[in-house]
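To start, the structure itself, in C-alpha cells.
Number of protein chains: 2
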Amino acid sequence: MPVNLQAPDPASLHAVPGVRLGVTMAGIRKANRRDLSVIELAPGSSVAGVFTANRFCAAPVQVCREHLALGGNEIRAILVNTGNANAGTGEDGLARARQSCQALAGAMGVKPAQILPFSTGVIMETLPVDRIVAGLPAAIAALKADNWAEAAAGIMTTDTLPKAASRQVQIGGATVTLTGISKGAGMIRPNMATMLGYVATDANVAPGLLQALVKEAADASFNRITIDGDTSTNDSFVLIATHKAAHARIDSLDSAEGQVLRKALIEVSQQLAQAIVRDGEGATKFISVVVEGGKTEEECKLAAYAIAHSPLVKTAFFASDPNLGRILAAVGYAGIADLDQTLIDLHLDDVHVVTKGGRRPEYREEDGQRVMKQAEITVRVGLNRGTATTTVWTCDFSHEYVTINADYRS
Amino acid sequence: MPVNLQAPDPASLHAVPGVRLGVTMAGIRKANRRDLSVIELAPGSSVAGVFTANRFCAAPVQVCREHLALGGNEIRAILVNTGNANAGTGEDGLARARQSCQALAGAMGVKPAQILPFSTGVIMETLPVDRIVAGLPAAIAALKADNWAEAAAGIMTTDTLPKAASRQVQIGGATVTLTGISKGAGMIRPNMATMLGYVATDANVAPGLLQALVKEAADASFNRITIDGDTSTNDSFVLIATHKAAHARIDSLDSAEGQVLRKALIEVSQQLAQAIVRDGEGATKFISVVVEGGKTEEECKLAAYAIAHSPLVKTAFFASDPNLGRILAAVGYAGIADLDQTLIDLHLDDVHVVTKGGRRPEYREEDGQRVMKQAEITVRVGLNRGTATTTVWTCDFSHEYVTINADYRS
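Going down the list, the sequences are from chains E and H. According to the working numbering, the residues represented by the first sequence are 1 to 410, in order. According to the working numbering, the residues represented by the second sequence are 411 to 820, in order.
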C-alpha cells in the first residue's frame, strides 16, 4: 500500500539522448518475469557511482568498483539482473559477475571493463550466468531510447510499483534532460536485496565533476532514507552523463549552469529515493524526521536515524499512537555523548509537544493524535545547541512488514 | 508465549538476611494491580548500581545517581512504582521523584537520600506522587523477608511472567544467599518502559568492591541482551549486600571466596537477564549470537548486535526461514571498517553454512531448516582475524511484537 505514490506515466519520462534501454525475461529465478535489463550508453559518455558501505558487498559491486576505477569515461553499458543478488558467493560469484560482463561486451564489440554489472535478489545463491547470457540477445534487440518506464519495471523485485522521475531544465540556451529509475522497498527484501538507482542526463558536464555530483546527490537523497536500517550488500547509485546537450561544457558546479544541473539532479534523486520509502515494505505512512539545532550535522544524523530506526517509534506511527516519549527515548540513546535533555524541543507537524525536555502543559493528546492519523508526518526535534540540521525520510512499521519478511522464500 | 520460561516457585527463592520486601496496589495507572514495591535494607547494607546510558534518563534515575554518589552505604530502602516511568517530565518530574523519597523516608525515620526511587511505565506523563504516598503504609505493612516472588510480580508491567532467580553457595564455611528479580519484555513497552533488576546477597563483601561487582555482572548479563535495540530511559540494575553472612569479609574479588561470589552473582544475573529475552515481546525463539575470532571484543559486539538488531534476521527466525544471507549482510554493515568478507565462517548450531565468505557446497538447506525450527538456536560467526569473542542473547521478531507495540495505550 504505497503512500502517495503512483506508477510513472511513460510519456512523462523524457528520453535522454545517448541512452537506450532494453528489457527481457531471462527466467533467472522465475519464468515470465522481466528480470534482465541493459542500459546502453553512447561512446563518450561518463559514469560515476556510489556503492554500499556494507563490507559484505556483492560480487557485482566489487566488479563495478574495479571497472569504474579505470576512469568511468569508457563505460558503454549497464547490465542489471533481478532474482539473484550474487552476494555471499565468494570467488565463484566474482567469476560469474565477470562472465556476464564478458558476454555483453562480446555482443556489443566492446571490452568487459566497459560494462557495469548489477544484481539484486536472494543472497547466498549461485548466479545463473547461463540464463543471463542466453537472455542478452533479446535485451539488446529491445534497446530503444523511449524505454525508461519499461526499465523501471525491469529492475523491480518485490516493489509494488515502478519508480522513475524526469526533469528538463534550460542550461546555456539548451534543453537538458535528467531521467532516472530506482528500486527497493526494504534494504533487503525476503528474497530480493538491494536499493538500485540510475540517473542519466545529456548535460555536457566535465567528466571530472561527475563523482562529486553523484556523491552530493546520494547524500541528499538515497543516503537519507531508511526502511529498516539494514544496509544491503548491493546498494548502488549511478549517474550517467552523455554530454549530448548543445550547451557549453559545465566546468564548475558553482557556476550558474552547474547550480541548475545540481539542483535538478538532487530533485530527481530525492523523488526516486522518496519513492522507495513510499513503497517501503508494509508502509502506511511517510515520515520526515528533521533534527535541527545540532552542533554538527553528524550529531543531527545520529538523532534522526535513531528515531527513524526505532521499532517502537515506527510501530507507534503505524498505530497512529502519539506515544511520543518513544521519540525522546530514541534521541536519548542516539549516541550524542554530552546531550542535555533539558534543552530538547519536539514538534509533530505544527504541534509543539515538548519543551526543555518535558511535556508542555499546553500540549493536548488530541492534537498529537490528529497529526499521527495523517499519511505524511514531519517529526521535528530541536537540540538547541547549535545551527546544524538534517532531514531523513522513513516509513512506519506494520504487520505487513513482518508478513513480507517472514514469508518463506518461494 | 515465553520461550522455555516458567514462573518461579516461591519456595525456591531464598530469603536474604537483612532484606524485607512489601508490595501493594496503589492504583497508579490502573486499579487492582500490584504497582508499588518497597525493598527495605537492614542498617549497614551496601548498594551499588548501573543505570541506562540514555541521555534522556528518567527523573528517578537521576535521583538514584545523586543518592548513590553519597557512597551507597547508607541506603535503607528501594521504592519501585509501575504504571508511570517519570521520564520526559522535566523539572517537575525530578521534584515528584524527590517527594516520593521524602514520603518513604518519613515513614521509616530515615533521610530522603537513603531511598533509591525507580519508576517504570508510560513516558512523558506526570507521576501521580499522591497515590504513591497514599500506598506506602500498605507496602510497609506488607514487608517480610520471604516475599521475593511477590516483589517479582509487583515490578512487572506487561511482562507475561514474573522473573526471579536464587542461589546459595558456601563461602568460608557459611551459607551465602543471592536472590534477585527482574522485569522487562521490550526495552520499552507500549505503555511501560524499562528493564529493572535487583539482586541482594547477605555476603560479607567489602563495600568498596560492590561497584566493580555490579558492573561486571551487568556486562555479563543485562548488557548482553536485546529485544528491539531500544535503550530505555529507566534501565537500572542494583546490587545489595547486607553483609549478614557469618564468614570473614571478602576483600578481593580475586580471592577464592571472591571468585565464588562473583560466579554465583553472574549466574543469577544471567538467569534474570535471559528471562527477559525469553519473555521478550512476541518472542517465539531464544537466540544466542556468538561472534568469535575478532581482533577485539568491541568489534565482536558490533557484529553480534548488528545481527541481533536486524529486523530482517529476526523475522527470518520467526519464520524458521534459513535465509542466512541476512546474517552475512548484518555482519557486513556492523561497522568493522577493515573487515575481510573472504575470512568469514557461519555456523547455525552444528551446521556449517558459510566458509571464506561464501556458501559451502556441502551445505544443504534442509539442515539449516532443521535448526531454524528449534526454540533455541545458536548463531556462531567466525571473523577469523583474532582471538576475541562475545555472546549476545536475543529473540525473534513476530507479528505479536507489532501487535503489542502498535496497541494504542489504554
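We put the beta carbon where it would ideally sit given N, CA and C, even for glycine.
I'd like the list of long-range same chain contacts for residue i, defined as Cβ closer than 8 Å, with 5 residues on each side in sequence excluded.
{"i": "I171 (chain E)", "result": "A203, A245, H247, I250, E257, V260, L261"}
{"i": "N414 (chain H)", "result": "R688, F696, A785, E786"}
{"i": "T389 (chain E)", "result": "V290, V291, E292, G293, G294, E297, C300"}
{"i": "T403 (chain E)", "result": "G282"}
Could you give the C-beta distance for residue i and residue j, rounded to a whole number, given that I count them as a contact under 8 Å?
{"i": "G742 (chain H)", "j": "T752 (chain H)", "result": "That belief does not hold up - the Cβ atoms of G742 (chain H) and T752 (chain H) are roughly 12 Å apart, past 8 Å."}
{"i": "I650 (chain H)", "j": "V473 (chain H)", "result": "Contact doesn't hold; Cβ gap of about 18 Å is too wide."}
{"i": "G545 (chain H)", "j": "A436 (chain H)", "result": "3 Å"}
{"i": "M108 (chain E)", "j": "A77 (chain E)", "result": "6 Å"}
Given that residue i touches chain H, what residues does it touch there, using C-beta distances under 7 Å?
{"i": "M195 (chain E)", "result": "Residues of chain H passing the Cβ test: none, with the nearest at roughly 13 Å."}
{"i": "G83 (chain E)", "result": "In chain order: nothing, as chain H lies at least about 14 Å away."}
{"i": "N223 (chain E)", "result": "Going along chain H, no residue has its Cβ under 7 Å from N223 (chain E), so there is no contact; the nearest lies around 14 Å."}
{"i": "T418 (chain E)", "result": "The requested residue 418 (chain E) does not occur in the structure, where chain E is confined to residues 1 to 410."}
Could you check the C-alpha separation between residue i and residue j for me, to the nearest Å?
{"i": "T387 (chain E)", "j": "I336 (chain E)", "result": "15 Å"}
{"i": "L348 (chain E)", "j": "L104 (chain E)", "result": "51 Å"}
{"i": "E40 (chain E)", "j": "L21 (chain E)", "result": "6 Å"}
{"i": "V723 (chain H)", "j": "G280 (chain E)", "result": "17 Å"}
{"i": "T801 (chain H)", "j": "T89 (chain E)", "result": "26 Å"}
{"i": "L423 (chain H)", "j": "E677 (chain H)", "result": "15 Å"}
{"i": "G368 (chain E)", "j": "P322 (chain E)", "result": "6 Å"}
{"i": "D228 (chain E)", "j": "Q274 (chain E)", "result": "14 Å"}
{"i": "R364 (chain E)", "j": "V761 (chain H)", "result": "55 Å"}
{"i": "P470 (chain H)", "j": "A421 (chain H)", "result": "32 Å"}
{"i": "A165 (chain E)", "j": "V38 (chain E)", "result": "19 Å"}
{"i": "P361 (chain E)", "j": "V791 (chain H)", "result": "50 Å"}
{"i": "A561 (chain H)", "j": "A441 (chain H)", "result": "18 Å"}
{"i": "F461 (chain H)", "j": "L213 (chain E)", "result": "45 Å"}
{"i": "W438 (chain H)", "j": "P547 (chain H)", "result": "With the sequence shown as reference, residue 438 (chain H) is identified as Ile, and Trp is not the correct amino acid for it. Rounded to whole angstroms, I438 (chain H) to P547 (chain H) spans 15 Å at the Cα level."}
{"i": "G325 (chain E)", "j": "M534 (chain H)", "result": "5 Å"}
{"i": "L265 (chain E)", "j": "D254 (chain E)", "result": "14 Å"}
{"i": "T160 (chain E)", "j": "Q168 (chain E)", "result": "27 Å"}
{"i": "P43 (chain E)", "j": "V80 (chain E)", "result": "20 Å"}
{"i": "L210 (chain E)", "j": "A468 (chain H)", "result": "49 Å"}
{"i": "L537 (chain H)", "j": "W393 (chain E)", "result": "34 Å"}
{"i": "N223 (chain E)", "j": "R65 (chain E)", "result": "19 Å"}
{"i": "L793 (chain H)", "j": "A85 (chain E)", "result": "22 Å"}
{"i": "P721 (chain H)", "j": "S310 (chain E)", "result": "11 Å"}
{"i": "F56 (chain E)", "j": "G173 (chain E)", "result": "46 Å"}
Spatial neighbours of residue i within its chain, please: CB distance less than 6 Å, with the 5 preceding and 5 following residues excluded, ordered by chain position.
{"i": "A334 (chain E)", "result": "L302, A303, A306"}
{"i": "V238 (chain E)", "result": "G49, Y198"}
{"i": "T765 (chain H)", "result": "D755"}
{"i": "T82 (chain E)", "result": "D35, T120, G121, T157"}
{"i": "C511 (chain H)", "result": "P522, I525, P527"}
{"i": "I188 (chain E)", "result": "In this prediction, I188 (chain E) scores a pLDDT of 46, lower than 50, which makes its location untrustworthy; no coordinate-derived value is stated."}
{"i": "D9 (chain E)", "result": "none"}
Report the neighbours of residue i on chain E: residues whose CB is nearer than 9 Å to its CB, in chain order.
{"i": "C467 (chain H)", "result": "G332, Q341"}
{"i": "F807 (chain H)", "result": "P311, V402, N405, A406"}
{"i": "L734 (chain H)", "result": "G88, I123, M124"}
Using the beta-carbon of each residue, which ones in chain H are nearer than 8 Å to residue i?
{"i": "F318 (chain E)", "result": "V812, A816"}
{"i": "I336 (chain E)", "result": "R465"}
So the candidates are the options; which of them puts its Cα closest to the Cα of residue i?
{"i": "E412 (chain E)", "options": "E:P137, E:D340, E:R385, E:A142", "result": "Limits of chain E in this structure are 1 at one end and 410 at the other, which puts residue 412 (chain E) out of reach."}
{"i": "S398 (chain E)", "options": "E:R33, E:L196, E:I287, E:T315", "result": "E:T315"}
{"i": "G180 (chain E)", "options": "E:A212, E:Q271, E:V277, E:Q102", "result": "E:Q271"}
{"i": "R370 (chain E)", "options": "E:A329, E:A319, E:P162, E:A113", "result": "E:A319"}
{"i": "A610 (chain H)", "options": "H:E776, H:D556, H:T788", "result": "H:D556"}
{"i": "A616 (chain H)", "options": "H:A584, H:A517, H:S455, H:F528", "result": "H:S455"}
{"i": "D645 (chain H)", "options": "H:A584, H:T434, H:F528, H:L480", "result": "H:F528"}
{"i": "S631 (chain H)", "options": "H:S698, H:T694, H:A584", "result": "H:S698"}
{"i": "V789 (chain H)", "options": "H:D750, H:E776, H:L749, H:F727", "result": "H:F727"}
{"i": "A217 (chain E)", "options": "E:S269, E:P17, E:G18, E:V176", "result": "E:S269"}
{"i": "L480 (chain H)", "options": "H:T587, H:F466, H:G618, H:A549", "result": "H:G618"}
{"i": "A740 (chain H)", "options": "H:A718, H:D750, H:D748", "result": "H:A718"}
{"i": "G18 (chain E)", "options": "E:A87, E:V176, E:A149", "result": "E:V176"}
Under 8 Å Cβ-Cβ, which residues of chain E neighbour residue i?
{"i": "V764 (chain H)", "result": "G88, M124"}
Going by beta carbon distance, what residues of the same chain come within less than 7 Å of residue i, once the five residues before and after it are set aside?
{"i": "N464 (chain H)", "result": "T641, S642, T643"}
{"i": "I276 (chain E)", "result": "K163, S182, G184, A185, M195, I225"}
{"i": "K625 (chain H)", "result": "V460"}
{"i": "V539 (chain H)", "result": "R506, Q509, S510"}
Just to make sure I have the definition right: I need the residues of chain E whose C-beta is within less than 7 Å of the C-beta of residue i. Which are they?
{"i": "D638 (chain H)", "result": "P311, L312"}
What I want to know is whether the C-beta of residue i ends up closer than 7 Å to one or more non-hydrogen atoms of the ligand NAP.
{"i": "P112 (chain E)", "result": "Of ligands this structure carries none, so the ligand NAP is not represented either."}
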